[in-house]
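> Below you will find the structure I want to go over with you.
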Amino acid sequence: MNNKIIIINGPNLNLLGEREQSQYGTITFKKLKENCLSKSKELGLSVEFTQSNVEGEIVNLIQDSIKKFDGIIINAAAFTHTSVAIRDALNIYKKPIIELHISNIFKREEFRHKSLISDIVSGGIFGLGANGYILAIIAMQKLLKNEN
Ligand code: DQA
């Protein structure tokens with residue numbers, strides 16, 4: 175049976191293509207979703223691509239993932255730097271988790287240098303643009319097949 179993964183996107187990522195193109199490039203959220211679905215299909219993964227601007231909804235998505243998904247790829251966006259609730263939820267999830275950021279958070283304002291989730295995830299990708307999502311899907315497939 176295919177492995178099932180979920181990609182969780184946090185606040186404002188629905189506005190990709192419109193927001194701060196110098197940080198996030200010109201790709202739209204819709205196109206990003208299409209690219210992720212197509213790469214996952216190519217690799218034989220089932221993927222659910224989600225986005226929420228609401229912290230509690232992201233906590234619910236993570237809790238629901240315990241039974242439903244074999245791995246989580248998460249760009250928690252601004253909540254990366256603030257949310258103990260999202261950290262705690264991820265800490266309960268015992269399967270692979272990849273943290274993702276489109277921009278290089280360490281090259282930006284100091285408040286973005288701190289991630290509340292980096293020390294509890296399997297690994298992370300940052301600063302490689304929207305292509306980071308494709309790299310994360312490839313990495314997740316390898317983690318799930320124990321090829322890492
Ligand atoms: C981001 C980086 C965060 O600091 C920011 O709040 C975002 C997007 C990224 O993908 O580079 O919204 O997670």
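Under my numbering, think of the first position of the sequence shown as 175, with each following residue one higher. For glycine and all other residues, C-beta sits at the position ideal for the given N, C-alpha and C. Bear in mind the structure is a predicted one, so any value in this text is a computation, not a measurement.
(1) How many angstroms separate the CA atom of GLU321 from the CA atom of GLY218?
(2) Tell me whether GLN195 is buried or exposed, calling it buried when 16 or more other Cβ atoms sit within 10 Å of its Cβ.
(3) What span of residues does the alpha helix (DSSP H) with ASN305 cover, start to end?
(4) If you compare alpha carbons, which of SER220, GLN225, SER212, GLY191 is closest to ILE179?
(5) Is GLU273 helix, strand or coil when you go by DSSP?
(6) Is ILE291 helix, strand or coil by DSSP?
(7) Using 6 Å as the cut-off, classify the Cβ of ARG193 as near or not near the heavy atoms of the ligand DQA, replying yes or no.
(8) Give the range of the beta strand (DSSP E) segment to which GLU231 is assigned.
In terms of the structure at hand:
(1) Start at 1 with the first residue of the sequence shown, and residue 321 comes out as number 147. Start at 1 with the first residue of the sequence shown, and residue 218 comes out as number 44. Looking at the two C-alpha atoms, the distance is approximately 15 Å.
(2) Here residue 195 refers to the residue found at position 21 when the sequence shown is read from its first residue. Exposed: under 16 other Cβ atoms inside 10 Å.
(3) Numbered from 1 along the sequence shown, position 131 holds the residue referred to as residue 305. First-last of the alpha helix (DSSP H) with ASN305: 305–318.
(4) Looking up residue 179 in the sequence shown gives position 5. For the residues SER220, GLN225, SER212, GLY191, the minimum Cα distance to ILE179 belongs to SER220.
(5) Within the sequence shown, the letter at position 99 stands for residue 273. GLU273 falls in the strand class under three-state DSSP.
(6) Within the sequence shown, residue 291 is the residue found at index 117, counting from 1. ILE291 falls in the coil class under three-state DSSP.
(7) As a working note, residue 193 is residue 19 in the sequence shown. For the ligand DQA, no non-hydrogen atom lies closer than 6 Å to the CB of ARG193.
(8) Translated into positions along the sequence shown, residue 231 becomes position 57. Counting along the chain, GLU231 sits inside no beta strand (DSSP E); it lies in the alpha helix (DSSP H) bounded by residues 229–242.
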